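Have a look at the structure below, then the notes.
In the working numbering, the protein residues as written are 1131 to 1375.
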């Protein structure tokens, strides 16, 4: 068995459609992750146990639960409760796309909570103390000082989470979501050629992931654009010797 270029070209439109589904799920879940992980991280860092303990339980439970199990529970288990059919949840879980978003969001928020918490903890406490001494309100301290610095400190950790998440979305194919992996599997079932569609899908994942990495590298440079590069002491010494010679 070898790679069939003609099959790859013929199946590319279908795989591209699956890729758009993968990207749509990724964008929705990543946005929801940002929205929910910040308050969850603040609750996790709170001195009040009534806030910190539920956030801790949420993180431990959903980080420790396999994504596949979460998807099965949302897709197959939750619809078994009749009362769910009369709530707004039914509009989401009645479609595989909505089930995928819910299951992936629960897992992603659990991981992102620790990413945000670690980034906020990395901000020097002296900055907040100085702001308090100047009489700056805590809300402004958080949004003007701590959060921007936390973004700078956490961009690389967030990059790793996003890259891993995008590759992990392949699991949604088990609940009939026509993502990139599902479309590649359909080509395999129709042609009995697993190599060509899977390699093509892998190449498409690779391109997306590396574009994301390039985007984060550009973001990291922009966030740290005010920082001067470290001087090259060896070249500086050589230039000094040449000037004195």
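Yeah, the Cβ is synthetic: ideal placement off N, Cα and C, and Gly gets one too. It should be emphasised that the depicted structure is a prediction, and the values quoted were computed from it without experimental measurement.
query	result
CB of residue 1156 within 8 angstroms of CB of residue 1242, strictly	no
Sequence-distant residues of its chain with Cβ nearer than 7 angstroms to residue 1138 (five each side left out)	1326 and 1330
Proximity of residue 1256 and residue 1275 at Cβ, strictly below 8 angstroms	no
Alpha-carbon to alpha-carbon, residue 1351 and residue 1375	Unreliable placement is indicated for residue 1375, whose pLDDT of 49 sits below 50; the coordinate value is still reported in the next sentence. Going by the C-alpha atoms only, they are around 38 angstroms apart.
Euclidean distance between Cα positions of residue 1233 and residue 1354	35 angstroms
Under the three-state DSSP convention, the category residue 1355 falls into	coil
DSSP state of residue 1374 mapped onto helix, strand, coil	Below a pLDDT of 50, predicted positions are generally treated as unreliable, and residue 1374, at 49, falls in that range; the measurement from the model is reported next regardless. Here residue 1374 sits in helix by DSSP.
Span separating the alpha-carbon of residue 1273 from that of residue 1307	38 angstroms
Burial state of residue 1315 (16 or more Cβ within 10 Å)	buried
When 1334, 1286, 1173 and 1244 are compared against residue 1309, the one with the closest alpha-carbon	1334
Alpha carbon of residue 1178 to alpha carbon of residue 1265, nearest angstrom	24 angstroms
Expected contact under 8 angstroms - CB spacing of residue 1291 and residue 1245 to nearest Å	6 angstroms
Counted within 10 angstroms of its Cβ, other Cβ atoms place residue 1131 as buried (16 or more) or exposed	exposed
Any non-hydrogen atom of the ligand NAD within 7 angstroms of residue 1157 CB	Summarising the ligand content, the structure contains no ligands, and the ligand NAD is consequently not present.
8 angstroms Cβ cutoff met for residue 1231 and residue 1296	no
DSSP state of residue 1095 mapped onto helix, strand, coil	Here the chain has residues from 1131 to 1375 only, and residue 1095 is not among them.
Beta-carbon proximity list for residue 1280, same chain, < 8 angstroms, skipping 5 on both sides	1246, 1249, 1250, 1252 and 1253
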